[in-house]
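The structure appears right after this line, and notes come after that.
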Amino acid sequence: RCGFLRRPGLHVVHIASEMAPLAKVGGLADVVVSLAKAHQAAGTLAEIILPKYDCIRYADVAELRQLVQLEVPWGGSTIKTVVWAGIAEGLPVYFVEPYSRERFFWRGRFYGEVDDAERFLFFARAALEFLVWEEETQGKQPDALHIHDWQSAAVAPLLKEQYRARGLTRPGVVLTIHNIAFQGWLTPNYLDLMGLPRAGAYTPERLLDDTRPGFAAAQPDINLLKGGIVYADAVTTVSPTYAREVFAPEFGMGLQGVLGRHAGKFRGILNGIDPDMWDPATDAALPAHYTAADTAGKAVCKAALLAELGLPAKPNTPLIAVVSRLTEQKGLPLILHGLRVAQQAGAQFCVLGSAPESAVQQGFERWAAELAGGTAGRLVLRYDEALAHRIYAGADAILIPSFFEPCGLTQLIALRYGTIPVCRQTGGLADTVRDVAHSGAPEHERNGFTFAGKSEADVETVLRRAIDAYRDAGEWWHGQLVPRAMRQDWSWSRSAQDYLQLYRHLKQG
Ligand code: ADP
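Next comes the structure, spelled out in structure tokens:
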């Protein structure tokens, strides 16, 4: 570790609630790891602080060891917290394990607990205590703290209001908003647990959520994501289009005014994917490999996937996939309608997804039972990383009709596997997918089928266009469109540089 101290260049610490594949709920997990890896490859020291969830497979963490035991201040007392160190995905990772009465991270799952806001508020505070310990014992301080979504947003106000005075004078803070729909609400008494003075922090300019008119006084009105936006030195979101969209109430979800006031430090930087983790030429989950120059293996992957799902192989029939959390955001009614259209049109489909809402999950389970044994499609209603890889490789198209999509990784992964996105033009989808018929875009950029509206008719039209193209122009689809999609570069090559510039700017500022 001493070697790190002498290492020139930047030092960035990600404080995050997810990292792939150890603790993954959605795209945030992929982004934290792939961005940190891209920076590490460029000579930056990139580390990650993560909660020590009980539901992580620690066998996948190398050199895991207890590093230090801290007493983290909490509500007039302290909570014993052990910080573990290890290596995951080649990156130094620190795991924060509180021995709290509430068993904060021993819940058998990452999110969805009634006290989520409190759990992650504690995490933010413990992460900063750990950084103070590192500074005091090793003189080690990062240049930048990169925090992600509401779960670690509290780091920004805590750093500025408290931990600067505790010696963390060096780091600037970058907050990345992966999804503005989740904001982290708490009642004002949590300011005391945070150790923040009410007079300073409980104002509409700071953490008080004044954006929800009629919000009863007894309900939570501390907004952690808002606090992160106000106090961070730079705020990013994950695509240029979403960075514009969030100023509209429909997308900003109450925070459009705050973002407007802080627009000068806010910008969109497009996410990338990890080209090693997602590579059809080497992917260990696949039955065959392929490249843009030789796509023959893709047909083998498709045949194997159909067999795995128990679907018959039909000539000249596209397999349309959905890989998604099954939530309103993802355009649930349009997913359902789209799949029915695919069925009527004689295409096949497969869904890999799970719904956090049990009523939605049960609805899908009923439909899965109806489909079982038939030839139209399959629904696999669980989280399954390896199957996701096989679907990206084996499917012909992927349906993404999201109502909003900050960036979206599934279209980027699908493109790398030569699976053609059929998607709504919103957020990052609009920045990455060009319709094959888009006359204003150069041909090498045209990589999918897009639509703008929100109606069933809109998704029907676009899907029928895609299915017809597959059937009537198979040579073009397989011979031109698939290799073209695969050749596009959606790695971090550009965006990692943008983040480095941001960190450097903070260092100077
Ligand atoms: P979000 O973060 O909103 O869920 P993204 O498109 O940014 O959406 O990222 C989703 C990530 O989660 C992708 O890596 C996708 O492959 C993965 N994913 C989603 N659902 C599942 C599932 N049921 N099983 C495996 N991976 C999934």
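Each residue of the sequence shown is one higher than the one before, starting from 62 at the first, in the working numbering.
Where is the CB? At the ideal position from N, CA and C, for every residue including glycine.
Since this is a predicted model, take the numbers as computed values, not measurements.
Please indicate yes or no: does the CB of residue i lie closer than 8 Å to some heavy atom of the ligand FAD?
| i | result |
| --- | --- |
| GLY329 | Absence of the ligand FAD is noted for the structure shown, with the ligand ADP being the only ligands found. |
From residue i to residue j, what distance separates their C-alpha atoms?
| i | j | result |
| --- | --- | --- |
| CYS362 | GLY535 | 18 Å |
| GLN562 | LEU331 | 14 Å |
| ALA429 | HIS450 | 21 Å |
| VAL154 | ILE110 | 6 Å |
| SER580 | LYS201 | Within the shown structure, residues of the chain are numbered from 62 to 570, placing residue 580 beyond reach of any answer. |
| ALA408 | ILE461 | 17 Å |
| ALA304 | ALA324 | 10 Å |
| LEU106 | LEU152 | 9 Å |
| GLU144 | LYS359 | In the sequence on display, residue 144 carries Val and not Glu. Cα to Cα, VAL144 sits roughly 44 Å from LYS359. |
| GLY315 | LEU252 | 21 Å |
| LEU329 | PRO301 | Per the sequence presented here, residue 329 reads as Gly, with Leu not at that position. In a straight line, the C-alpha of GLY329 is about 4 Å away from that of PRO301. |
| TRP551 | VAL412 | 24 Å |
| ARG555 | GLN280 | 43 Å |
| SER463 | LEU286 | 23 Å |
| SER500 | ALA518 | 23 Å |
| THR343 | ASP337 | 8 Å |
| ALA349 | ASP335 | 20 Å |
| ASP210 | PHE312 | 15 Å |
| ALA491 | THR198 | 48 Å |
| ARG477 | SER95 | 15 Å |
| ARG68 | GLY288 | Confidence at ARG68 is low in this model, with a pLDDT of 47, below 50, so its placement is unreliable and the value that follows should be read with caution. Straight-line Cα distance between these residues: approximately 33 Å. |
| ALA81 | ALA546 | 25 Å |
| THR230 | ALA262 | 20 Å |
| ASP559 | ASP294 | 15 Å |
| LYS391 | LEU125 | 37 Å |
| LEU397 | LYS375 | 22 Å |
Measuring CB to CB, does residue i end up less than 9 Å from residue j?
| i | j | result |
| --- | --- | --- |
| THR356 | VAL543 | yes |
| ARG439 | GLY414 | no |
| ALA149 | ASP177 | no |
| ALA584 | GLY245 | Within the shown structure, residues of the chain are numbered from 62 to 570, placing residue 584 beyond reach of any answer. |
| VAL235 | LEU567 | yes |
| PRO134 | GLU190 | yes |
| LEU192 | PRO232 | yes |
| GLY469 | GLY489 | yes |
| PRO341 | GLY509 | no |
| VAL483 | GLY399 | yes |
| ALA513 | GLN486 | yes |
| ALA538 | ILE452 | Looking at the sequence itself, residue 538 is Trp, so the reference to Ala does not match. Cβ atoms of TRP538 and ILE452: not closer than 9 Å. |
| VAL307 | ILE241 | yes |
| ALA90 | ALA84 | yes |
| LEU442 | PHE425 | yes |
| ALA447 | ALA346 | yes |
| ALA10 | GLY333 | Since the first and last residues shown for the chain are 62 and 570, residue 10 lies out of range. |
| SER213 | ALA188 | yes |
| VAL319 | VAL92 | no |
| ARG180 | PRO112 | yes |
| TYR119 | PHE166 | no |
| LEU131 | LEU182 | no |
| ARG565 | LEU71 | yes |
Which whole-angstrom value describes the C-beta separation of residue i and residue j, a residue pair presumed to lie in contact below a C-beta threshold of 8 Å?
| i | j | result |
| --- | --- | --- |
| LYS326 | VAL291 | Not confirmed; about 10 Å, so no contact. |
| GLU196 | GLY228 | 5 Å |
| THR142 | GLU158 | 6 Å |
| GLU79 | PHE171 | 7 Å |
| ALA416 | THR388 | 7 Å |
| GLU521 | VAL383 | Actually they are not in contact, since the Cβ atoms of GLU521 and VAL383 sit about 16 Å apart, beyond 8 Å. |
| ILE283 | ALA185 | That belief does not hold up - the Cβ atoms of ILE283 and ALA185 are roughly 13 Å apart, past 8 Å. |
| ALA123 | GLY147 | 6 Å |
| ASP458 | PRO379 | Residue 458 is actually Ala in this sequence, not Asp. About 6 Å separates the two Cβ atoms, so the contact holds. |
| ILE528 | ALA406 | 5 Å |
| VAL73 | PRO203 | 6 Å |
| LEU254 | GLY136 | 5 Å |
Mind pulling the beta strand (DSSP E) runs of 3 or more residues that sit fully within the region 116-162? Qualifying beta strand (DSSP E) stretches, in chain order: 123-135, 138-149, 152-159.
Quick check for students: name the residue ranges of the alpha helix (DSSP H) that lie wholly in the region 285-311, counting only runs of 4 or more. The qualifying runs are 285-292, 301-306.
List in chain order: all unbroken alpha helix (DSSP H) runs of 4+ residues lying wholly within the region 498-551. Those alpha helix (DSSP H) runs which fall completely within the region 498-551 and span 4+ residues are 517-533, 543-548.
With a floor of 4 residues, list each alpha helix (DSSP H) that falls wholly inside the region 223-266, ordered by position along the chain. Fully contained in the region 223-266 are the following alpha helix (DSSP H) runs of length 4 or more, in chain order: 250-255, 259-262.
Looking at C-beta atoms only, is the number of pairs between the region 362-372 and the region 460-475 that lie closer than 8 Å three or more? Judged by pairs of C-beta atoms under 8 Å, the region 362-372 does not touch the region 460-475, as fewer than three such pairs exist.
Can you list, in chain order, the stretches of the alpha helix (DSSP H) that have 4 or more residues and sit fully within the region 393-425? Listed in chain order, the alpha helix (DSSP H) elements of length 4 or more contained wholly in the region 393-425 are 393-405.
Evaluate the contact criterion for the region 493-513 versus the region 343-355: three or more CB pairs, one atom per stretch, below 8 Å. Here the region 493-513 does not lie against the region 343-355, with fewer than 3 beta-carbon pairs under 8 Å apart.
Under 8 Å, with one C-beta from each stretch per pair, do the region 219-228 and the region 94-102 reach the 3-pair mark? No: fewer than three Cβ pairs fall under 8 Å.
Start-end ranges of the alpha helix (DSSP H) lying completely within the region 425-458, minimum 4 residues: Counting only runs of 4 or more, we get 446-455.
Runs of alpha helix (DSSP H) wholly within the region 68-119 (minimum 4 residues, chain order): If we require 4 residues or more, the alpha helix (DSSP H) runs fully inside the region 68-119 come out as 88-102.
Continuous beta strand (DSSP E) assignments of at least 3 residues falling wholly in the region 170-216: The region 170-216 is shown to contain whole beta strand (DSSP E) runs of 3 or more residues at 205-209, in chain order.
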